[in-house]
Amino acid sequence: MQAKGRVFKYGDNIDTDVIIPARYLNATEGTELAKHCMEDIDKEFIHKVKKGDIIVGQKNFGCGSSREHAPLAIKCAGVSCVIAETFARIFYRNAINIGMPIIECPEAARSIEDGDEVEIDFDSGMIHNVTKNESYKGQAFPPFMQKIISAGGLIHYING
Amino acid sequence: MGMTMTQKILAAHAGFDKVEAGQLIEANLDMVLGNDITSPVAINEMKKMKNQTVFDKEKIALVMDHFIPNKDIKSAENCKCCRDFAREHEIVNYFDVGEMGIEHALLPEKGLVVAGDVVIGADSHTCTYGALGAFSTGGGSTDMAAAMATGKIWFKVPSALKFVLTGKPSKWVSGKDIILHIIGLIGVDGALYRSMEFVGDGIRHLSMDDRFTICNMAIEAGGKNGIFPVDEKAIAYMKEHADKPYQVYEADADAEYDAEYTIDLSTLKPTVAFPHLPENTKEVGSFGEVKIDQVVIGSCTNGRIQDIRQAAEIMKGRKVAKDVRCIVIPATQAIYLQAMREGLLEIFIEAGAVVSTPTCGPCLGGYMGILAAGERCVSTTNRNFVGRMGHVDSEVYLASPAVAAASAVTGMISCPCELGL
Ligand code: SF4
């Protein structure tokens, strides 16, 4: 599994309330949620993001509520992967469970800049910054999580 | 090397004698929880599954609490989706308008969670039940769907932080001040992926309501769960509320912790978290005048009877300041009724506050007290993120019910001691 795209970079503690504000939580469809993704922190995001793009956060990305609407909004906005120094634990679970790849890599989170072009290999956890010609070693997914992600999420995984 | 209390509960539910931090396990569940926001997503996910039957119709709780009585057409449709699902699958523990309450106050009150249980909820504050000596943690809607269908869920066994609480807290220091102090100490990711185990002689001074508040906010330090040992108070609570048998687990003497903190409760002061993170804590008295526009007393953190009583004690015979709106929301119907019987609701209304039917309402910026740009609110809830309670330029200050009530009276963030209490 691989991903490639341009980076949108954010800071520490990006919480689920800014990823998808509660005022939109009466919607459940990913496409509807995606329209408001990151709205409270970056109004331009949804107009600029292209399929395959990558979000880079710093510490504790996705903290706050358990709303699966958050990784879903990001996934449906076309983002192929989120890289961060650390993720909040429920966001981590939710992302895996809906088949949205995420990688913890403090070095990449620090070094990658907004607008950089980045390639990711999920099997090895290698992150390559094409713009800067640098590589960083992120955490590879344990086989069990790879199976869930490549099945397209936990439900498809359970369905076999 | 021994196991922590959390690890022991998880081992028993995964069918192992022993588990270690970092191990991926599949655990059997005693209760699966969802609310009116997360359940519809889970129900949609479940419809994609080959096996669409629920694993146990008595071990699923669906609580309508975020936007009820429904605030708009979409929230009405979400509740209807839950209601139809509950009927179709004969879900025993379905709570709608009239029987409802905020999920994390309601489940312990109804005796649906007891010591030794493993509970997953599609709501981040599911960690509240650690007060009873259960392992409970929040997940997402897909977790909930998988859990409803299979009765199992994957977990990574957490390592733990140990908090040794000693001494007796002073009069206006409650569970809220203790947990805010701890989050200020370790930060919003200080317990990331870990258990927070609370021990020490100090806990005998903490009521069950204090302990629920403390465990409720474990997630605000990034924690996977918070947990208290099971003592006489916890047993008395379960005897009063639950019929189902409980199981007491204790941490091994040689259990390993990533870090240990000793906190002398007698030295703590009423504490407030400033915008926009729960870790931005300051002791009341250590900052200048902060004028406020609104006070909210309620939520799964501080909407229990002790909280309502404490706020009423302060508001009794006093008035809400002229330019302040004060909203009191008992967390469940039973708490509302109890407060009514004790004459507490009268005290609030006479003081110029409003009292609402149980709902999450303003806590997540849903309705019933949304903030305009530039407005400040002192709230007994658990999150003060940007835009949490309304406009992105509004501010939320997290505090105990005592500080919130005193602030409603003075119109600025205040300690009850400033009112001569
Ligand atoms: S009261 Fe607030 S924190 Fe608690 S369950 Fe409701 S929305 Fe969540």
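The listed protein sequences correspond, in order, to chains A and B.
Position 69 (the first sequence) corresponds to 69 in the numbering used here; numbering is contiguous.
In the numbering used here, each residue carries its 1-based index in the second sequence increased by 1000.
By construction, the Cβ of each residue, glycine as well, lies at the ideal position given by its N, Cα and C atoms.
C-beta neighbour in chain B for A:A22, strict 9 Å: yes
Any C-beta of chain A under 9 Å from that of B:Y1397: no
B:G1101 versus B:P1362 - alpha carbon distance: 15 Å
Chain B contacts made by the region 124 to 153 of chain A, where a contact means CB separation under 9 Å: P142, F144, M145, I148 and G153
Opposing strand residues paired with B:L1206 [DSSP bridges]: According to DSSP, which records beta bridges pairwise, B:L1206 is partnered with nothing at all.
Span of the alpha helix (DSSP H), counted from its first residue to its last, around A:V18: T16 to I19
Contact test: B:L1364 Cβ vs the ligand SF4 heavy atom, cutoff 8 Å: yes
Candidates B:R1383, B:F1198 and B:G1420, of which the one nearest B:L1277 by Cα: B:R1383
Backbone secondary structure at B:V1041 - three-state DSSP: helix
In DSSP terms, what B:Q1294 is bridged to: B:R1325 and B:C1377
Beta carbon proximity, A:H156 to chain B, threshold 9 Å: yes
Where B:R1318 sits in the DSSP three-state scheme: coil
Any non-hydrogen atom of the ligand SF4 closer than 8 Å to B:R1383 Cβ: yes
Distance cut-off 8 Å: B:H1276 Cβ against heavy atoms of the ligand SF4: no
Proximal chain A residues relative to B:A1145, where beta-carbon distance stays under 7 Å: I155
Minimum Cβ-Cβ distance from B:N1044 to chain A less than 9 Å: yes
Cβ pair A:I41, A:Y10 closer than 9 Å: yes
Selection from B:V1054, B:E1088, B:I1060 and B:T1262 that minimises the alpha carbon distance to B:E1103: B:I1060
Sequence-distant residues of the same chain with beta carbon closer than 6 Å to B:A1339, five excluded per side: I1308, P1330 and L1345
Opposing strand residues paired with B:N1429 [DSSP bridges]: No information on residue 1429 of chain B is available, as it lies outside the stretch 1001 to 1421 that chain B covers here.
Cβ-heavy atom distance, A:H128 to the ligand SF4, below 8 Å: no
Touching by the beta-carbon criterion (3+ pairs, under 8 Å), the region 1148 to 1164 of chain B and the region 1193 to 1206 of chain B: yes
Contact test: B:I1214 Cβ vs the ligand SF4 heavy atom, cutoff 8 Å: no
Given 8 Å, three or more beta-carbon pairs between the region 1166 to 1177 of chain B and the region 1143 to 1158 of chain B: no
Length of the line joining the Cα atoms of B:M1049 and B:P1040: 15 Å
Interface partners of B:V1188 on chain A, CB under 8 Å: N13, N60 and C63
Min CB distance A:V79 to chain B below 9 Å: no
Chain-ordered chain B contacts of A:I98 [CB-CB under 8 Å]: G1140 and T1142
Proximal residues to B:A1027 (C-beta, below 7 Å), its chain only, five neighbours per side dropped: L1010, H1013, A1014, V1118, K1152, I1153 and F1155
Exposure of B:F1287, with buried meaning 16 or more beta-carbon neighbours within 10 Å: exposed
Exposure of A:S135, with buried meaning 16 or more beta-carbon neighbours within 10 Å: exposed
Residues near B:Y1261 by beta carbon distance below 8 Å, same chain, minus five either side: L1161, K1162, F1163, V1164, I1182, L1185 and I1186
Any C-beta of chain A under 9 Å from that of B:G1151: no
A:E32 versus B:E1220 - alpha carbon distance: 28 Å
B:V1119 - partner residues in DSSP beta bridges: B:M1031 and B:S1136
CA-to-CA distance, B:L1029 to B:T1137, given in whole angstroms: 11 Å
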